[in-house]
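*Asks:* First to last, the protein sequences are chains A and B.
FYI, the numbering for the first sequence is 1 to 304, going by my numbering.
FYI, the numbering for the second sequence is 1001 to 1326, going by my numbering.
Every residue gets a Cβ at the ideal spot worked out from N, C-alpha and C, and that includes glycine.
My structure is below; once you've seen it, I'll send some questions.
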Amino acid sequence: MTSTMNVKIPDDRIASPSPWRAFGRMVGTLWSNGKARLGLCLLGAFVLVAVFAPVLAPYGPKDNGFERNADASLAHWLGTTAAGEDVLSQLIYGAQISLLVGFAAGILSTIVAVLIGLSWGYMRGFAGEVVGFIVNLFLVIPGLPLMIVIAAYLQNGGILMIIAVIVVTGWAWGARVLRSQTQSLRGNDFVTSAQFSGDSRARIVFREILPNITSIIAGTLFGAATAAILAEAGLEFLGLGDSSIVSWGTMLYWAQNSNSLLTGQWLLLFAPGLCIALLALSLTLINFGVDGISNPRLREGKGR
Amino acid sequence: MKYLLQKLGLFVLTLWAAVTLNFFLPRLMPGSPADAAIAKLSQNGPVSDATRAAIEAQLGVPTGSIWDQYVTYLGQVARLDFGVSYTFYPQSVASMVSTALPYTIGLVGIVTVLAFVIGTLIGVAAAWRRGTWLDTLPTLTGSFLSTFPYFWTALLLLFFLGYVLHWFPTTGSYAATTTPGFTGDFIADIARHAVLPALTILLTSLGGWIIGMRNAMINTLGQDYVTFAEANGLRGRTIALRYAARNAILPNLTGFGLTLGGVVGGSILVEQVFGYPGIGYLLFNAVIGQDYPLMQALFLMITVSVLIANFLVDILYGVLDPRTRR
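Given below as structure tokens:
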């Protein structure tokens, strides 16, 4: 027994690579996956559109001096809204809100999921049971109805309210996935060796175990961002967000409100919805690649 | 038996927590229903103290300590007494909910089970014929469709199949000209009105089941006992269905329980687009009309139904997997 304790542990433990190296390797593996590469390109395009929206958009998103309910033309590629705004410009500016909400809510709920999931995975006894119960409660309570109810009480709290509501209702799934990963790693040799060398619990969890589940965390992040983008659009569509901002969700809300289905302006409904779907698709495609990293069996392979 | 009792205990505990959450949610939020109603009135001019007192009395401003309120609330929930709707005064919330409930259970219930069964079967096929078109086509189409927002798919179907092609009715649950009753005409009409919302839920939720089952199946196909069965020269179909799929479906079944909440949530958006008079549409109207008693009751209703479904899935899991009963 004493001999194992005296074993010198190399500074650069194989089991815990530096987070940046792990991240770099992950991006490399992602890029080598065809689906993930397509997703990364698509996402990159959306980010560029959002960042350069003021340059790209032909008009301001709220300029309403144009002809109302106009069909697509050279001056207005996608036509104009019932309030006389340029649809294409709104679409371009709308990318900002979706990306902002998606990533802010995605990152925040992933942080919550990591903190709770990892410490839960390392906990034993009653405390673990209590955390487990709370996580399960948030897992089974249907998210969108809860969001709608909270949003109804808060009434037009704007983007920050939407982000907060999404985080509150969206962290539990990630926490559960990360907990099971932590549990399966807890028994590994490198964790035992860290325990013997007297590392603190927090160090073991966040410096030894965390780098080994980077890909799972990335998967959680992309999943949470997808859910957040869809949730934001849903809340805005129901008119529960700030309907004065220009986002894809509010575009659909106003389109529905001005009966653009009856007037045959299907572009007004088609375009923002397609953008939401494509953005969500890009994240899903990236997640396919991430799945392949964390589960080698799922990597592109031949059938039986 | 111990497994059953354990699950039952957990169910009761979760139920209690959900009811409690529903109690505290409005109390944690700024403002009260009465304040909201007074704010609405004051847009038209100053509100007198007498009016204010009348509104507070009518909207049941909470009295007594928070503990007293909680006990009263639990009693009301137990008696299914959710008070009176504000927007559809003087209808009781309970009667409104019971009118809307059959529509949602009929629509969402049937479609969800259908999507699960179809998706799982496609997932099995995709994993078995991995790398061929039978895998790529449904996996890609499924994941593409599942990124569509529920309400957008609903709007597209409504526009093309409803307004342009006139194949299906665009709103409501039955035509104003049909008389409700247990007749063939009425049932056919109900079914026709349910097609578009059902198709929406089916299309957007199918992808999740396909991919979940495919991935679980690929994992079991890599297990030793499958290789062993192959080495024994069993037929491919026997291995796929009896050996691999039977085990792969277990985690997917838990997923079914958990994803149900999402489907129920998505149905709110779908019902709103089609004006389908179910629970979701009612919730939307309650939110827009700031009808807090109705809203609270509906949220509780939705939560409890998802909890019950999860409980049933847990029981089924125990039946299918003897290991969980240890």
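Measuring CB to CB, does S98 (chain A) end up less than 9 Å from I276 (chain A)?
*Replies:* Yes, these two residues count as a Cβ contact at 9 Å.
*Asks:* If we define contact as Cβ-Cβ less than 9 Å, is A175 (chain A) a contact residue for chain B?
*Replies:* Answer no: the Cβ-Cβ gap between A175 (chain A) and chain B never drops below 9 Å.
*Asks:* Which same chain residues end up closer than 6 Å to G39 (chain A) when comparing Cβ atoms and leaving out the 5 residues on each side of it in sequence?
*Replies:* Hits under 6 Å: S282, L285, I286.
*Asks:* Thinking just about the alpha-carbon of each residue, which of A:N257, A:L139, A:A218, A:M26 is nearest to the one in L107 (chain A)?
*Replies:* The amino acid occupying residue 107 (chain A) in the given sequence is Ile; Leu does not appear at that position. Looking at the Cα atoms, A:A218 is the closest of the given residues.
*Asks:* Would G1094 (chain B) and L1080 (chain B) be called neighbours here (beta carbons separated by less than 9 Å)?
*Replies:* In the sequence as displayed, the identity of residue 1094 (chain B) is Ala instead of Gly. For A1094 (chain B) and L1080 (chain B), yes; Cβs fall inside 9 Å.
*Asks:* By the three-class DSSP mapping on this structure, what secondary structure does D1135 (chain B) have?
*Replies:* Three-state DSSP puts D1135 (chain B) in a helix.
*Asks:* What residue does the alpha helix (DSSP H) around S1205 (chain B) start on, and which one ends it?
*Replies:* From DSSP, the alpha helix (DSSP H) with S1205 (chain B) extends over 1184–1221.
*Asks:* Could you check what DSSP says for V1273 (chain B) in three-state terms: helix, strand or coil?
*Replies:* It is helical.
*Asks:* Where does D366 (chain A) sit, in a helix, a strand or coil, going by DSSP?
*Replies:* Nothing can be reported for residue 366 (chain A): it is not among the residues displayed for chain A, which extend from 1 to 304.
*Asks:* Rounded to the nearest angstrom, what separates R1027 (chain B) and L1021 (chain B) at their Cα positions?
*Replies:* Looking at the two C-alpha atoms, the distance is approximately 10 Å.
*Asks:* For a cutoff of 9 Å on Cβ pairs, would you count N1252 (chain B) as touching chain A?
*Replies:* N1252 (chain B) does not count as touching chain A.
*Asks:* Apart from the five residues just before and just after R201 (chain A), which ones in its own chain have a Cβ nearer than 7 Å to its Cβ?
*Replies:* Closer than 7 Å at the Cβ level, and outside the excluded window around R201 (chain A), lie Y122.
*Asks:* Assign T1072 (chain B) to buried or exposed, taking buried as 16 or more other Cβ atoms, counted over all protein chains shown, within 10 Å of its Cβ.
*Replies:* Flag for T1072 (chain B) reads exposed.
*Asks:* Shorter than 9 Å from the beta carbon of W1167 (chain B) to some beta carbon of chain A?
*Replies:* Not one chain A Cβ lies under 9 Å of W1167 (chain B).
*Asks:* Given that a residue counts as buried once 16 or more other Cβ atoms are within 10 Å of its Cβ, and exposed if not, what is M1001 (chain B)?
*Replies:* It counts as exposed.
*Asks:* Is the beta carbon of Y1276 (chain B) sitting closer than 9 Å to the one on P1149 (chain B)?
*Replies:* Not a contact, by the Cβ cut-off of 9 Å.
*Asks:* What residues are listed by DSSP as bridge partners for V1084 (chain B)?
*Replies:* V1084 (chain B) pairs with B:S1092.
*Asks:* Going by DSSP, which residues form a beta bridge with T80 (chain A)?
*Replies:* The partner list for T80 (chain A) (beta bridge, DSSP) reads A:D86.
*Asks:* Under three-state DSSP, which class holds P58 (chain A)?
*Replies:* The answer is coil: DSSP assigns P58 (chain A) none of H, G, I, E or B.
*Asks:* Ignore the nearest five residues each way along the sequence and tell me which others in A47 (chain A)'s own chain have a CB closer than 8 Å to its CB.
*Replies:* What sits at residue 47 (chain A) in the sequence shown is Val, not Ala. Excluding sequence neighbours, V47 (chain A) sits near L99.
*Asks:* Any beta carbon of chain B sitting closer than 9 Å to that of T284 (chain A)?
*Replies:* By this cut-off, T284 (chain A) is an interface position.
*Asks:* Using a Cβ-Cβ cutoff of less than 6 Å, which residues in the same chain neighbour V1113 (chain B) once the five nearest sequence positions on both sides are dropped?
*Replies:* Result list for V1113 (chain B): empty, nothing under 6 Å.
*Asks:* Look up L154 (chain A) in the DSSP assignment and say whether it is helix, strand or coil.
*Replies:* L154 (chain A) falls in the helix class under three-state DSSP.
*Asks:* For W1128 (chain B), count neighbouring Cβ atoms within 10 angstroms of its own Cβ and tell me buried if that reaches 16, exposed if not.
*Replies:* So W1128 (chain B) counts as buried.
*Asks:* Could you tell me the alpha carbon to alpha carbon distance between W266 (chain A) and W1167 (chain B), rounded to whole angstroms?
*Replies:* Their Cα atoms are separated by approximately 18 Å.
*Asks:* For chain B, find out if any of its Cβ atoms is closer than 9 Å to the Cβ of K302 (chain A); answer yes or no.
*Replies:* The pLDDT assigned to K302 (chain A) is 44, lower than 50, so where the model puts this residue is not dependable, and the model offers no usable value.
*Asks:* Would you say F288 (chain A) reaches chain B, if we count a Cβ-Cβ gap shorter than 9 Å as a contact?
*Replies:* Interface residue, yes.
*Asks:* Within 8 Å, do at least three Cβ pairs link the segment 233–242 of chain A to the segment 1282–1290 of chain B?
*Replies:* The segment 1282–1290 of chain B is in contact with the segment 233–242 of chain A.
*Asks:* Mind checking the segment 117–145 of chain A against chain B and listing, in chain order, the residues whose C-beta falls within less than 8 Å of any C-beta there?
*Replies:* So the close ones are F133, N136, L137, L139, V140, I141, P142, G143, L144, P145.
*Asks:* Between which two residues does the alpha helix (DSSP H) carrying L1234 (chain B) extend?
*Replies:* No alpha helix (DSSP H) contains L1234 (chain B), which DSSP labels as neither H nor E.
*Asks:* Taking only the alpha-carbon atoms, compute the straight-line gap between N1215 (chain B) and Y59 (chain A) and give it to the nearest angstrom.
*Replies:* Their Cα atoms are separated by approximately 46 Å.
*Asks:* Using DSSP with H/G/I as helix, E/B as strand and the rest coil, what is R207 (chain A)?
*Replies:* In this structure, R207 (chain A) counts as helix in the three-state DSSP scheme.
*Asks:* With the cut-off set at 9 Å, would you say T220 (chain A) and V177 (chain A) are in Cβ contact?
*Replies:* Yes. Within cutoff.
*Asks:* Run through DSSP, which three-state label would D319 (chain A) get?
*Replies:* In the structure displayed, chain A extends from 1 to 304; residue 319 (chain A) sits before or after that span and is not available.
*Asks:* Which residue's Cα is closest to the Cα of L1206 (chain B): B:I1122, B:W1067, B:L1004?
*Replies:* Nearest option by C-alpha distance: B:I1122.
*Asks:* Along the alpha helix (DSSP H) that carries L1130 (chain B), what are the first and last residues, could you check?
*Replies:* Correcting the residue type first, residue 1130 (chain B) is Arg in the shown sequence and not Leu. That residue, R1130 (chain B), is in no alpha helix (DSSP H); it is neither H nor E in DSSP.
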